[in-house]
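Chemist: Can you read through this structure? Questions will come right after.
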Amino acid sequence: MDNARFVDRLHARIAAVGSPTCIGLDPVIERIPEDVRTKSSSDVEAVEQFCLGVIDATCEHASAFKPQSACFERFGSAGVAVLERVTSHARSAGVPVVLDAKRGDIGISAAHYAEAVKATGADSVTVNAYLGPSTVEPYLEAGLGVFVLVRTSNPDSDAVQSNELSSGGTVGEMMASHVARLGANRLGESGMSDVGAVVGLTKSADGEALRGLMPRQYFLVPGYGAQGGGAEDLRPLLCEQGGVLVNASRSVLYPERGENERWQDAVARAAKAMHTDLASVMS
78 MDNARFVDRL HARIAAVGSP TCIGLDPVIE RIPEDVRTKS SSDVEAVEQF CLGVIDATCE
138 HASAFKPQSA CFERFGSAGV AVLERVTSHA RSAGVPVVLD AKRGDIGISA AHYAEAVKAT
198 GADSVTVNAY LGPSTVEPYL EAGLGVFVLV RTSNPDSDAV QSNELSSGGT VGEMMASHVA
258 RLGANRLGES GMSDVGAVVG LTKSADGEAL RGLMPRQYFL VPGYGAQGGG AEDLRPLLCE
318 QGGVLVNASR SVLYPERGEN ERWQDAVARA AKAMHTDLAS VMS
């Protein structure tokens, strides 16, 4: 399975786990448990120990991990080295990795970014394709999966993505059509494409239209948990193969802890609850 397309490895992992649970690794130093910080000699070491602990606590429930590149890049070369080790640890547990980097350049710059993603060990990457198809192609040529920003979960996304075009449809729907065309020749044995889309759970009212435009795309779905999205909101986004990978970060990384509860146990409990909640909709 190591030589299979990214989308087929992801599809197999979701089937094996029984839930499309993606754990976002968005470490914020101020929110990392105090016992991790006090045992670490630096902030970047605390970030590493926290992320490794999260992976160990949640990997049995996770279909993917999604490290937020900025949370590591802010520490310079030391942070990038931590990102590489965190990615390696996730993959050694058999879990695919989506690097949330939202790259958006073209030409040789995009090719360099693609090689940088590969150097982290990630299996796929988020991309802003506003500059056109040549934003995406270098990552595919490098053997990576891609999730293109289409309908994002942030509240102010409506200012751009909901605008109606004179030719009909919205900006988000136009991007969805581009994604479907880009992914048409990148189908795996699962019937799904290596070119996926980012579609926020808080925008699921647009889900049926977007799924109609992108029947072969996996949707990377932020917005679950702390951002207000729930499992029932997934239904308009589903396709015959399932076709969703649902991300949560804050609600899993920083759950309320019971008295004397270890932070790893609290994180594991939150991940298990998410897994169970999502599985109930997928079955």
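Quick note on numbering: my numbering labels position 155 of the sequence shown as 232, and the sequence is numbered without any gaps.
Glycine included, C-beta positions come from ideal geometry on N, C-alpha and C.
Exposed or buried, what is P232 when buried is set at 16 or more other beta-carbons lying within 10 Å of its beta-carbon?
Modeler: Within the sequence shown, residue 232 is the residue found at index 155, counting from 1. By the neighbour-count rule (16 or more Cβ atoms within 10 Å), P232 is not buried but exposed.
Chemist: Which same chain residues, not among the five before or five after E376, have their C-beta less than 7 Å away from its C-beta?
Modeler: Because the chain spans 78 through 360 in this model, residue 376 falls outside it and cannot be assessed.
Chemist: When you compare only the Cα positions, how much space is there between H88 and A147?
Modeler: Position 11 of the sequence shown, counted from the first residue, corresponds to residue 88. Position 70 of the sequence shown, counted from the first residue, corresponds to residue 147. So the alpha carbons of these two residues sit roughly 27 Å apart.
Chemist: Compute the Euclidean distance between the alpha carbons of L221 and G245, then round it to the nearest angstrom.
Modeler: For the purposes of this step, residue 221 is taken as residue 144 along the sequence shown, with counting starting at 1. For the purposes of this step, residue 245 is taken as residue 168 along the sequence shown, with counting starting at 1. Taking the straight line joining both Cα atoms gives about 32 Å.
Chemist: With a CB to CB cut of under 8 Å and the five nearest residues on each side skipped, what residues in its chain are close to R90?
Modeler: Reading the sequence shown from its first residue, position 13 is the one you call residue 90. Apart from the 5 residues on each side of it in sequence, R90 sits with its Cβ closer than 8 Å to the Cβ of S140, A141, G171, V172, P173 in its chain, given in chain order.
Chemist: Report buried or exposed for T98, applying the criterion of at least 16 other Cβ atoms within 10 angstroms of its Cβ.
Modeler: Looking up residue 98 in the sequence shown gives position 21. Buried, since its Cβ has 16 or more Cβ neighbours within 10 Å.
Chemist: Got a sec? Which residues, its chain only, sit under 6 Å from K143 by beta carbon, not counting five neighbours each side?
Modeler: Here residue 143 refers to the residue found at position 66 of the sequence shown. Around K143: C99, G101, V175, D177, N324.
Chemist: Could you check which residue in L314, E285, K280 has the C-alpha nearest to that of G305?
Modeler: Within the sequence shown, residue 305 is the residue found at index 228, counting from 1. Cα-wise, what sits closest to G305 is K280.
Chemist: Where in the segment 99-124 do unbroken runs of the alpha helix (DSSP H), each at least 4 residues long, occur, reported from the N-terminal end onward?
Modeler: 111-115
Chemist: Mapping DSSP to helix, strand and coil, what is Y301?
Modeler: In the sequence shown, residue 301 corresponds to position 224, counting from 1. Of the three classes helix, strand and coil, the one that applies to Y301 here is strand, per DSSP.
Chemist: So, R194 versus V213, is the Cβ gap smaller than 8 Å?
Modeler: On the sequence shown, position 117 is the one that residue 194 refers to. On the sequence shown, position 136 is the one that residue 213 refers to. The sequence given here has Val at residue 194, not Arg. In this structure, V213 does not lie closer than 8 Å to V194 by Cβ.
Chemist: Within its chain, find whatever has a CB closer than 8 Å to the CB of E376; leave out the 5 residues flanking it on each side and keep chain order.
Modeler: Limits of the chain in this structure are 78 at one end and 360 at the other, which puts residue 376 out of reach.
Chemist: With DSSP run on the structure shown, which of helix, strand or coil describes C177?
Modeler: Sequence index remark: in the sequence shown, residue 177 carries index 100 (1-based). The residue asked about is misnamed: residue 177 is Asp in this sequence, not Cys. The answer is strand: DSSP assigns D177 an E or B state.
Chemist: Got a sec? Which residues, its chain only, sit under 6 Å from M351 by beta carbon, not counting five neighbours each side?
Modeler: The residue you call residue 351 lines up with position 274 of the sequence shown. Cβ neighbours of M351 beyond the five flanking positions: T98, A325.
Chemist: Considering Cα atoms alone, identify which of V256, G184, S154, D235 is closest to T197.
Modeler: Residue numbering aside, residue 197 sits at position 120 when the sequence shown is read from its first letter. Ranking the options by Cα distance to T197, first place goes to S154.
Chemist: Kindly indicate which three-state DSSP category R228 falls into: helix, strand or coil?
Modeler: The count along the sequence shown starts at 1 and reaches residue 228 at position 151. In this structure, R228 counts as strand in the three-state DSSP scheme.
Chemist: In chain order, which continuous runs of the beta strand (DSSP E) of length 3 or greater are located wholly inside the segment 283-335?
Modeler: For the segment 283-335, the full-length beta strand (DSSP E) segments reaching 3 residues or more read 296-298, 321-325 along the chain.
Chemist: What span of residues does the alpha helix (DSSP H) with K195 cover, start to end?
Modeler: Residue mapping note: residue 195 aligns to position 118 of the sequence shown, counting from 1. Here the alpha helix (DSSP H) through K195 covers 184-197.
Chemist: Can you give me the Cβ contacts of Q238 inside the same chain, cut-off strictly under 6 Å, excluding the 5 residues immediately before and after it?
Modeler: Translated into positions along the sequence shown, residue 238 becomes position 161. For Q238, where only same-chain residues beyond five positions count, the Cβ hits under 6 Å are R228, V248, G249.
Chemist: Distance check for I109 and V344, CA to CA, integer angstroms please.
Modeler: Counted from its first residue, the sequence shown places residue 344 at position 267. Counted from its first residue, the sequence shown places residue 109 at position 32. Rounded to whole angstroms, the separation of the alpha carbons of I109 and V344 is 12 Å.
Chemist: Report the residue from D354, A261, V272 whose alpha carbon sits nearest the alpha carbon of A219.
Modeler: Counting from 1 along the sequence shown, the entry for residue 219 is found at position 142. With distances taken between Cα atoms, A219 lies closest to V272.
Chemist: Using three-state DSSP, classify P144 as helix, strand or coil.
Modeler: Position 67 of the sequence shown, counted from the start, is the residue given in the question as residue 144. DSSP places P144 in strand when its eight states are reduced to three.
Chemist: With the cut-off set at 8 Å, would you say R293 and L264 are in Cβ contact?
Modeler: Your numbering for residue 293 matches position 216 in the sequence shown. Your numbering for residue 264 matches position 187 in the sequence shown. Result yes, Cβ atoms of R293 and L264 sit closer than 8 Å.
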